[in-house]
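Here is the structure we will look at.
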Amino acid sequence: MTLPLDLDEAPRERPSTVTEVVDGARRVVQHAFAPLWVEGEISNFKIWPSGHWYFSLKDTASQLRCVMFRADARRVPALPQDGLKVYARGELSVSKRGEIELIVRQLLATTEGGFFAIALARARAALEKDGLLDPARKRRLPAFPRTIGVVTSPEGAVWHDIVAVIARRWPHVELILIGARVQGEGAPEDLCRALALAQRLERLDVLIVGRGGGSQEDLWAFNDERVARAVAASRAPTIAAVGHEVDVTLTDLVADLRAATPSAAAEAAVPDRDEVLLRLRTTAGGLGAGVTRRLALASERLAHAATRLSGAVDRRVTSTGERLRRAAARMGVAAGSRLTTREAAVARLAASLDALSPLKVLDRGYAVARDEAGTVLRRVADFPAGRRFRLRVADGEVPARSEPRP
Amino acid sequence: MSASLEEDLGRLDAIVHALEAEDLDLDRALALFEEGIERLRSARERLNEAGVRLRALREAADGGLRLDDLRR
């Protein structure tokens, strides 16, 4: 065995440790590069149990190791997948393995809508797959709710607006605020907690989930798949009032009703007191008219029945009278003396009619004088001397002339 | 008050409808009318109870529900 020949070439100064070199290189790299944006395609994406993300960015020729720490990664709305083209912003460094790496602080997808659109599409597909976006799932709101829950921020204007509308329109309900953070970190989890809490209420007729308007990022919690599922799972029918005209959130899609504003949600949740009062007045009118009509009908029927009854009584009375008359005749008593008042009246009437007949009068020996025109001549003055007239007697007419008076 | 406003209004509609049917027995018609008057009274009474009740729901430390009254 020989001694190494290159001892002469051994370092004169103390050699650097690996760590010193890597650390030195890191300082140089960190100094040389300001934070920068890098465009590339994601590959080898992995999430470590620590929650940090590890992946590479590559283009056709090169690749760059990347790390994204948990605190930064959790702000990205969707998990990246290999092959996704991204913009990554961060600081260049050198890892302990001596590799150049990019410490990513912000990650954007280059596609339209970025990671928001990706997350939304994924969540939407998942909800769709479970049938939660089916319009047939939508339930009708109760006509007269008594208990209405409102999941929203206790600080915002939403609660105030809803209370104002309901106090004016239908002040006959119990409004229950279930406070939740509606934006920022932790908002989806807090919304889910509040929604679950609402389900524990003994009575809940309608559940409003709402917030004021805001940017899409502010609305993001309402696009969270967990929040959408919690809304869909509500036992009470739901109204979403996420308050954004342009972007419809997943919460809007799964809710039974979507309202443009919290005030509109409140209006949809309750009836209008004035309308109900009007309906009561109309109903009272209908009730009165109905019973009046029914009573009029009854009274008409009663009158009809009375007429028929009276006819039947008459017939019965007549036949009774007839029997009496026959019996009376048999007994040699003058008929009619025992007749009913009614029959007697008829008999009297007939008798007087008979008596009034002029023929009967003539029968008794009277005569009637008439001129040529048929006018009855009643007084002496009607008979000037020589006047021709006619005399009507019982069995015919006799031409006559008045003689001059002495 | 036992019946809800919704029940009262629904029943009132049914009563008015029944009274419009001509073949209804008179005793039945009068009984329905009386019931209608009673339900109108009950509905009006309900509408006269004014005042929204405001409460806040929280989870208590022991995991139970806590409902606190709120002011407007």
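If you're matching them up, the sequences are chains A and B in order. Heads up: the first sequence begins at 1 in this note's numbering, then just goes up one per residue. Heads up: the second sequence begins at 407 in this note's numbering, then just goes up one per residue. Glycine residues also receive a C-beta, built at the ideal position from the N, C-alpha and C atoms.
Check: When you compare only the Cα positions, how much space is there between R105(A) and C192(A)?
Finding: 28 Å
Next item on the list: Below 8 Å between beta carbons is the criterion; list the residues of the segment 449–469 of chain B that meet it against any residue of chain A, in chain order.
Entry: A449, R450, R452, L453, E455, A456, G457, V458, R459, L460, R461, A462, L463, R464 and E465
Item checked: At least three beta-carbon pairs within less than 8 Å, the segment 173–180 of chain A to the segment 224–244 of chain A -> no
Item checked: Proximity winner among V165(A), A296(A), R75(A) and V206(A), relative to R273(A) (alpha-carbon distances) -> V165(A)
Note to self: Across the segment 216–234 of chain A and the segment 249–269 of chain A, are there enough close Cβ pairs to call them in contact, namely three or more that are closer than 8 Å?
What the structure shows: yes
Note to self: Let's test the definition: count the other Cβ atoms within 10 Å of the Cβ of W53(A) and tell me whether it reaches 16, buried, or not, exposed.
What the structure shows: buried
Checklist line | First and last residue of the uninterrupted beta strand (DSSP E) at N44(A) | finding: L36 to I47
Check: Pairing CB atoms from the segment 280–294 of chain A with CB atoms from the segment 252–268 of chain A, are three or more of them under 8 Å?
Finding: no
Item checked: Per-residue DSSP class, three states only, for R477(B) -> coil
Check: Taking only runs of the alpha helix (DSSP H) that begin and end inside the segment 66–95 of chain A, which ones reach a length of at least 4 residues, in chain order?
Finding: 70–73
Margin query: For a cutoff of 7 Å on Cβ pairs, would you count E426(B) as touching chain A?
Written below: yes
Notebook entry, point to check: Assuming R461(B) contacts D475(B) under a Cβ cut-off of 8 Å, what Cβ separation, rounded to an integer in Å, is found between them?
Noted result: 6 Å
Note to self: Taking 7 Å as the threshold (C-beta atoms), are D82(A) and I47(A) in contact?
What the structure shows: no
Notebook entry, point to check: For S263(A), is the classification buried or exposed, using 16 other Cβ atoms within 10 angstroms of its Cβ as the cut-off for buried?
Noted result: buried
Checklist line | Spatial distance of R27(A) from G90(A) (CA atoms) | finding: 16 Å
Item checked: Cross-chain neighbours of E412(B) in chain A, by beta carbon under 9 Å -> P142, A143 and F144
Check: Helix or strand or just coil, what does DSSP make of P399(A)?
Finding: strand
Margin query: Relative to the C-alpha of A221(A), which candidate in I176(A), P188(A) and D395(A) has its C-alpha closest?
Written below: P188(A)
Item checked: Residue burial classification, P135(A) (beta-carbon count within 10 angstroms, cutoff 16) -> exposed
Check: Could you give the distance in angstroms between the alpha-carbon of K96(A) and the alpha-carbon of S62(A)?
Finding: 20 Å
Next item on the list: Please report the residue range of the beta strand (DSSP E) in which F389(A) lies.
Entry: R388 to V393
Check: Looking only at C-alpha atoms, which of R146(A), D59(A), T111(A) and V22(A) sits nearest to D205(A)?
Finding: R146(A)
Margin query: Any beta carbon from chain B within less than 7 Å of I176(A)'s own beta carbon?
Written below: yes
Margin query: Based on DSSP bridge pairs, tell me the residues matched to T238(A).
Written below: L207(A)
Notebook entry, point to check: Whose C-beta lies closer than 6 Å to the C-beta of R342(A) among residues of the same chain, with five residues either side of it excluded?
Noted result: Because the pLDDT at R342(A) is just 48, under 50, the model does not fix this residue reliably, and the value given afterwards should be weighed accordingly. Excluding positions up to five away in sequence, the list is empty.
Note to self: Taking 8 Å as the limit between beta carbons, can you name the residues of its chain near A102(A), skipping five residues before and five after?
What the structure shows: It is Leu, not Ala, that sits at residue 102(A) in the sequence shown. So the qualifying residues of the chain are V38, L57, L64, R65, C66, V67, A88, G90, E91, L92 and S93.
Margin query: Am I right that A424(B) and L430(B) are in contact with their C-beta atoms under 8 Å? What's the rounded C-beta distance?
Written below: 6 Å
Check: Using a Cβ-Cβ distance under 7 Å, would G416(B) count as near chain A?
Finding: no
Item checked: Inter-residue CB distance, F242(A) and L195(A) (contact presumed, cutoff 8 Å) -> Just to set this straight, residue 242(A) is Val in the shown sequence, not Phe. Wrong, their Cβ atoms sit about 14 Å apart, outside the cutoff.
Next item on the list: With 8 Å as the C-beta to C-beta threshold (strictly closer), list the residues of the segment 159–183 of chain A near chain B in chain order.
Entry: V163, I166, A167, P171, H172, V173, E174, L175, I176, L177, I178 and G179
Notebook entry, point to check: Over what stretch of residues does the beta strand (DSSP E) that includes R464(B) continue unbroken?
Noted result: R459 to E465
Notebook entry, point to check: Using a C-beta to C-beta distance shorter than 8 Å, which residues of chain A count as neighbours of R478(B)?
Noted result: V163 and A167
Notebook entry, point to check: Where do the N-terminal and C-terminal ends of the alpha helix (DSSP H) with K138(A) fall, by residue?
Noted result: Premise fails: K138(A) is in no alpha helix (DSSP H) and is neither H nor E.
Notebook entry, point to check: If the cut is a Cβ gap below 7 Å, which residues of chain A does A435(B) touch?
Noted result: V291 and R294
Check: Helix, strand or coil: how does DSSP classify L201(A) here?
Finding: coil
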